[in-house]
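Colleague: This is the structure I have questions about; it appears just below.
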Amino acid sequence: MKKEEQKVMEVEYMANELFGGGSDSELKLFIGAAPGVGKTYTMLAEANRLRERGVDVVIGYIDTHGRPETQEQIGPLEMIPRRVIHYRGRRFEEVDLEAICARKPDVVVIDELAHSNAPGSTFPKRYMDVEYLLDQGISVLTAVNVQHIEGIHEEAQEITGIRVQELIPAAFVKRAQEVEVIDVTPETLRQRMRDGSIYPPDKIHQALEHFFRKSNLFGLRELALRLVAEDVDERLQRSYARSRIPGPVGARESIMVCVNYLPRAVQLIQRGYRMAQRMKAELYVLSVFNTGEGQLKGREKERLDKLQQIALDCGAEWILEAQNDRPIGKAILETAERCNVTQVVIGQPAHAKRWKRFWKDAPVRYLLRHMKYMDVRIVGWKEDHHSQRGEQVCGPKPLDPVKSRSTSLALPSMKGELRKGRLTIYVGAAPGVGKTYKMLRDAHDWRRRGKDVVIGLIETHGRVETAAQIEDLEVLPKRLHRFQGRLYEDLDVDAILQRKPEIVIIDELAHSNVPGSIREKRYQDIEYLLDHGIHVVTAVNIQHLESLHDKVEHITGVKVRERVPDWFMKLAREVKLIDVTPETLQQRLIDGKIYSEDKIQHALDHFFQIGNLSALRELALLEVADDVDQRLDRELDKGQSDSARQERILVAVNHRPHSEKLIRRGWRLADRLQAQLWVLVVLTQESLSEEDQRDLLRIQKLSQQFEATFITRRALEQGVGATIVAVAGELGISQFVTGQPLPSTQWLRRLQGNPIDYVLAHADFVDLYIVANSRE
């Protein structure tokens, strides 16, 4: 479809929205990456849950494709007969709008949203049928695969090589009150295909060799996850709940490059472009001018036009901001806040002007003093060594986020290569999404396929639906452990090893074991079982991920104590997201399906607020999308060398608590860029107190948890800054990460400057990445 046709489609749809409808009906949309992920199954399960709550639900159109499990889900749900249409000697069955409106249920289930209706139908498209029902005050549950969404279909076509004919407008997705992704890994989907659960036997081989290739499924899965994450973010930004969370929210990065002089600007924009490509970030390019835009003329206008064209070629949004008697730094900061920017990219002051500008109205100085909830990257003045690595720079069109891969490889941890067992992790945004329920359901599927599956430990939390899923699965006894006069039940690793099943289900991944246990954490128990050749299936909520600790605390105000290291998550052969909308989760809480009655109101007033759940859901969606992206890189780049892995990041910290945030932030950068990571502590005292030694040991352990190289150095006579520059030079560092300098109250300290001043003046070969003190 041409761009002009897409635009007409969008405008017509929005016009209908403005002048029609207005009822209290609601639309819930289930999105999948491919046939067979379970959209119809999930939709019917949702319909049955609504029916149990007393909601009048009917089926308007369902296509089970002969899948017995999906057929069973229909259960007692009432089915409205389909409308029969005869056209050119053929018989077609379509949604009967008149019959549904005459029946007037609260909710109707309509499958195959992207379907084109038979000639003679009331509307040419099924999504128009759904619109009509919504306008009549009837709520709708419906489903679609991501490649059928207008706009996204072009990216899907690039991935699969298959042209998609049946489309729904992108604006239709935005009309939905709830959008939920049904996430299934490529491995699981291909196994379902081989089992005959998706297509008939005569079509299986062709499907596996073409549309159902792993690389296709990886790419489509990432599209679906990012689409829903963007939808969640847009809804959160518009909501009242957003106002109570300061600064940018979510895992998605947003980069703003500040430019002025043309020769330097090209280098800066290309640097920002590469960062945006690797981090899947939004990209802005800002130029601040000191006259009215209408007064620009001659060489000044020509310069800005060239900058704008470079920005547009890199797929960036161009921003021209008037200075209006503000310091340039303030203009940059206010623009960044307006655009919810998470990273500002700016050039290092030039040698000849550096100190003069640095102590006056230098934008860098202003940003370092006033930055809040965003980080600042100061790009080194020397010739950009990054552009010499064979990386893609800006072209006439922005690169597709799935098809265009950076040359860096997302190599699995060597720890993962040594494991004999396979690890599968189910990830959710909050308690109650259904991780344990889904694990147990899948366990039955595996057993039906002849797998030896047992339950090592399951926590049902008193949820009847979850407990019912255990059925006749073998449950191994727990280990009893007495501590301080109390008796505790915990995972019995020895019993699992003695039983030696093929697969063991172990819940509550982030759990801390009872003091006195052989291993401190449950993830260490699982690691031990993997080493002994047992496949493990486990579950965790996103807030327990170590690198997200500060972000989660910023969003929810909750300091999560039990955490799982990121390297452990990377051991997983499969990471599966269990996605549930905040509205559904709150309803489950109110219905008593998550916590006991005495805890419900407190949960609604605190952790289970819509804003919290939306932000955590976005984190979960994007974390799994990033995991998919790295796995797709590995799939596309099999057999290639690791020669492009040249980024080297140095995080400079002291041994204070804020240093933990810097290490987590440094690791996330290193992970996105596939860089090597070092953590440096410069010691300024001859000896450390016992408390300082404990703090230093804690920092060292955290660094090692992130697989960073931890080093300490005594400060040189020239100071901490000189020591940092020396170490960066020795290691060939390309990026230096440190915290925002605190303003000194002592005049002598101000005159002497801080370590960042020294690094700015003497380390032209690195990018300085300054993390705001208030950054999550």
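Heads up: the sequence shown runs through residues 682 to 1457, numbered per our numbering.
C-beta atoms are modelled at their ideal positions from N, C-alpha and C, and glycine is treated no differently.
1. Just confirm the distance between the C-beta atoms of L904 and I833, as a whole number of angstroms; I'd bet it's less than 8 angstroms.
2. How many angstroms separate the CA atom of I1458 from the CA atom of I849?
3. Can you check which of these residues, Y768, K961 and Q1416, is closest to L906 by C-alpha distance?
4. Which first and last residues belong to the beta strand (DSSP E) in which C939 is found?
5. Rounded to the nearest angstrom, how far is the Cβ of Q1421 from that of I1451, given a contact under 8 angstroms?
6. Out of curiosity, what's the CA-to-CA distance linking R1269 and D912?
7. Which residues mark the beginning and the end of the alpha helix (DSSP H) in which H1339 is found?
8. Where do the ends of the beta strand (DSSP E) carrying Q1024 lie?
9. By how many angstroms is the C-alpha of L1294 removed from the C-alpha of E1255?
10. Give me whichever residues DSSP pairs with A1220 in a beta bridge.
11. Under the rule that 16 or more other beta-carbon atoms within 10 Å means buried, what is N1149, buried or exposed?
12. Does the count of Cβ pairs from the segment 1244-1261 and the segment 856-875 closer than 8 angstroms reach three?
13. Could you check what DSSP says for I1437 in three-state terms: helix, strand or coil?
14. Compare the Cα-Cα distances from V909 to each of A1111, R1315, K1119 and I712 and report the closest residue.
15. Ordered along the chain, which non-local residues of its own chain (more than five positions away) have a Cβ less than 7 angstroms from that of I1275?
16. Within the 8 angstroms Cβ cut-off, does K1382 reach chain B?
17. List the endpoints of the continuous alpha helix (DSSP H) containing F1391.
18. How big is the Cα-Cα spacing for T1117 and T1105?
19. Within the continuous beta strand (DSSP E) that includes G713, where are the two ends?
20. Closest by CA to Q752, which one among R734, K720, L778 and Q951?
21. For V789 versus E759, is the C-beta distance shorter than 8 angstroms?
22. Can you tell me whether A1043 is helix, strand or coil according to DSSP?
23. For the beta strand (DSSP E) containing G1137, list its first residue and its last residue.
24. Consult DSSP for S1368 and reduce its assignment to one of helix, strand or coil.
25. Under 8 angstroms by Cβ, that's how I've got G1292 and S920 pegged, so tell me the actual separation to the nearest angstrom.
26. Among R764, D787, Y768 and A783, which has the Cα closest to the Cα of R807?
27. Name the two residues that bound the continuous beta strand (DSSP E) containing T1419.
28. So the candidates are E1304, L1172 and N1435; which of them puts its Cα closest to the Cα of E1227?
29. Per the DSSP calculation, S760 is bridged to which residue(s)?
30. Buried or exposed: which applies to T823, given that a residue is buried once 16 or more other Cβ atoms fall within 10 Å of its Cβ?
31. Going by Cα to Cα distance, which pick from S802, Q1290, N971 and I1009 is closest to L917?
32. Helix, strand or coil: how does DSSP classify K1202 here?
33. Short of 7 angstroms in beta carbon distance, which residues of its chain neighbour P1077, apart from the five on each side in sequence? Order them along the chain.
34. Would you kindly check if the distance between the Cβ of G1197 and the Cβ of H1235 is under 8 angstroms?
Modeller: In short, the structure shows the following:
1. 6 angstroms
2. No answer is possible for residue 1458: it lies beyond the span of the chain, which begins at 682 and ends at 1457.
3. K961
4. Residues S935 to C939.
5. 6 angstroms
6. 22 angstroms
7. H1339 to L1354
8. Segment Q1024 to G1028, the beta strand (DSSP E) holding Q1024.
9. 24 angstroms
10. Y1107
11. First, the amino acid is wrong: residue 1149 is Ala here, not Asn. Its Cβ having fewer than 16 others within 10 Å, A1149 is exposed.
12. A contact exists between the segment 1244-1261 and the segment 856-875.
13. Under the three-state reduction of DSSP output, I1437 falls in the helix class.
14. I712
15. P1112, G1113 and R1269
16. Chain labels in this structure do not include chain B; a single protein chain is all it has.
17. Where F1391 is concerned, there is no enclosing alpha helix (DSSP H), although the beta strand (DSSP E) it sits in stretches over T1390 to R1395.
18. 13 angstroms
19. L708 to G713
20. K720
21. no
22. Coil at A1043, not helix or strand.
23. V1134 to L1138
24. coil
25. 7 angstroms
26. The option with the nearest alpha carbon to R807 is R764.
27. T1419 -> beta strand (DSSP E) spans Q1416 to G1420.
28. E1304
29. Going by the sequence as given, residue 760 is Met instead of Ser. Note: M760 sits in a beta bridge opposite I740.
30. Burial is judged here by how many other beta carbons sit within 10 angstroms of a residue's own beta carbon; T823 has at least 16 and is buried.
31. Closest in C-alpha terms to L917, from the list S802, Q1290, N971 and I1009, comes Q1290.
32. strand
33. Note that P1077 scores 41 on pLDDT, short of 50, meaning its location in the model is unreliable; the coordinates nonetheless yield the value given after this. So the list reads D994, once near-sequence residues are dropped.
34. no
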